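Participant: The following block contains the structure, expressed as structure tokens.
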Amino acid sequence: MLKKTLGRTGLEVTQLGYGSMGLRGPKTWGVRVVSEDAADEFLNSVLDAGINFIDTSPDYGVSEERIGRYISGRRSEFYLATKCGCVYTQHDDHLEIDHVWDRDVVAKNLETSLKRLQTDCIDILQFHGGDAESLQRAGLIETLMSFRDQGMIRFIGSSSSLPNLPGMIELHVFDTFQIPYSCLAPKHHDLITKAAETGAGIIIRGGVAQGGPDAEIQREALNAVWSTAKLDEVLPAEMSRAELILRYTMSHPHCHTTIVGTCNAEHLAENLASAKSGVLPADLYDEVSVRVATALAD
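Okay, structure coming up:
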């Protein structure tokens, strides 16, 4: 599988990564519920397929615990990213989530994540949102640097989007940025480039899930973009909608890895095949870009 260097981290990551939100378990949110046996089988299938980058969060229910339980014995085979700033409460029927920019919260997140993930070091610890002013005022960037100096984490990241992303980029302290992007939701395209120009590694989220009538999670607004742009007219006969969306995402010159969170073995196989096919042909990429831009401008 194609690997790229994740910016100044030097980590050689597979361009197709795995986002583990779908392994959050029951009584959280959404409709996907994955059993323990299925989580075990799926996580090992991800590694067996050669994917070497896994993203998770304390917000994702039992996701961290399942990663630790089922693949911590294969820790040398993958890079691990999780998040901080997470305050979460498990109720009887749902998981309540908030983000709080406080040193005690961040320190507790890291302590808990290390135990859940059954590892002594996390490759990338990312702020789960936040804005530059709040993080600086609370001294949290220095806090993560302290964790790095103590060997508990290797690199510092930010999972961000508009309107806070530009300010985070301007701090010039982050080793990685996790940013939402797809051909149907391209508004962060130039900011991805700007973030990469600081030397940071780029992790794309929503590279498949952000739209398309065949997406595992449906979003009506993004389906409308697909329809308005009339992308079925330019979709090659041998290519699925999901393949076009994923390969478009991978075509961004600064997409180092895109985390796809499917819990469906068939979809995983399709994504692997799409990733191996590489970027879209330039003429198709340009045509999709123009059609989507026109649709969004209307």
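The working numbering numbers the first residue of the sequence shown as 23 and each following residue consecutively.
From the three backbone atoms N, C-alpha and C, an ideal C-beta is built for every residue, glycine too.
The structure displayed is predicted, hence computed values, not measured ones.
Report, in whole angstroms, the separation of the C-beta atoms of Gly161 and Gly107, which I expect to be a contact under 8 Å.
Facilitator: Within the sequence shown, numbered from 1, the residue matching residue 161 stands at position 139. Within the sequence shown, numbered from 1, the residue matching residue 107 stands at position 85. About 13 Å; that fails the 8 Å criterion.
Participant: Where does Pro208 land, buried or exposed, given buried means 16+ other C-beta within 10 angstroms?
Facilitator: Sequence index remark: in the sequence shown, residue 208 carries index 186 (1-based). With 16 or more other CB atoms across the displayed protein chains lying within 10 angstroms of its CB, Pro208 is buried.
Participant: Are the segment 189-201 and the segment 288-308 touching, with three or more C-beta to C-beta distances below 8 Å?
Facilitator: no
Participant: If you scan the segment 186-261 from start to end, which runs of the alpha helix (DSSP H) of 4 or more residues do you find wholly inside it?
Facilitator: 187-192, 211-218 and 242-250
Participant: For my contact list, Ser42 and Ile93 are in at a C-beta cut-off of 8 Å; report their separation, rounded to the angstrom.
Facilitator: Here the question's residue 42 lines up with position 20 in the sequence shown. Here the question's residue 93 lines up with position 71 in the sequence shown. Actually they are not in contact, since the Cβ atoms of Ser42 and Ile93 sit about 10 Å apart, beyond 8 Å.
Participant: Using only the alpha-carbon positions, how far apart do Phe129 and Arg46 sit?
Facilitator: Working through the sequence shown from its first residue, we reach residue 129 at position 107. Working through the sequence shown from its first residue, we reach residue 46 at position 24. Residue 129 is actually Ala in this sequence, not Phe. Rounded to the nearest angstrom, the two C-alpha atoms are 22 Å apart.
Participant: Kindly indicate the opening and closing residues of the alpha helix (DSSP H) around Tyr307.
Facilitator: To locate residue 307, count along the sequence shown from 1; it is residue 285. Run containing Tyr307: Ala304 to Ala319, per the alpha helix (DSSP H) assignment.
Participant: Is it buried or exposed, Gln148, if we count other Cβ atoms within 10 angstroms and call 16 or more buried?
Facilitator: On the sequence shown, residue 148 is found 126 positions in, with the first residue counted as 1. Its Cβ being crowded by 16 or more others within 10 Å, Gln148 is buried.
Participant: Would Asp120 be called buried (16 or more neighbouring beta carbons within 10 Å of its own) or exposed?
Facilitator: By one-based count along the sequence shown, residue 120 stands at place 98. Its Cβ having fewer than 16 others within 10 Å, Asp120 is exposed.
Participant: Hey, Leu139 and Arg96 are a contact pair by Cβ (cut 8 Å); roughly how many whole angstroms apart?
Facilitator: Indexing the sequence shown from 1 puts residue 139 at position 117. Indexing the sequence shown from 1 puts residue 96 at position 74. Actually they do not touch by this definition, with Cβ atoms about 12 Å apart.
Participant: For the candidate residues Trp123, Thr36, Met272 and Lys216, whose alpha-carbon lies nearest to that of His150?
Facilitator: On the sequence shown, position 128 is the one that residue 150 refers to. Comparing Cα positions, the closest option is Trp123.
Participant: Using DSSP bridges, identify the partner residues of Cys285.
Facilitator: Locating residue 285 in the sequence shown gives position 263, where the first residue counts as 1. In DSSP, Cys285 forms no bridge with anything.
Participant: Could you tell me the alpha carbon to alpha carbon distance between Gly83 and Asp115, rounded to whole angstroms?
Facilitator: Here residue 83 refers to the residue found at position 61 of the sequence shown. Here residue 115 refers to the residue found at position 93 of the sequence shown. Going by the C-alpha atoms only, they are around 12 Å apart.
Participant: By alpha-carbon positions, which one of Ala154, Gly72, Ile175 and Asp308 ends up nearest to Ala291?
Facilitator: Reading the sequence shown from its first residue, position 269 is the one you call residue 291. Of the candidates Ala154, Gly72, Ile175 and Asp308, the one whose C-alpha sits nearest the C-alpha of Ala291 is Gly72.
Participant: Tell me which residues share the same chain as Lys252 and place their Cβ nearer than 7 Å to its Cβ, disregarding the 5 neighbours each side in the sequence.
Facilitator: Residue mapping note: residue 252 aligns to position 230 of the sequence shown, counting from 1. Closer than 7 Å at the Cβ level, and outside the excluded window around Lys252, lie Arg313.
Participant: If you follow the alpha helix (DSSP H) that Asp62 is part of, which residue opens it and which one closes it?
Facilitator: What you label residue 62 is simply residue 40 of the sequence shown in a count that begins at 1. Counting along the chain, the alpha helix (DSSP H) containing Asp62 begins and ends at Glu58 to Asp70.
Participant: I want to know whether the segment 219-229 touches the segment 253-263 - three or more CB-CB distances under 8 Å.
Facilitator: no
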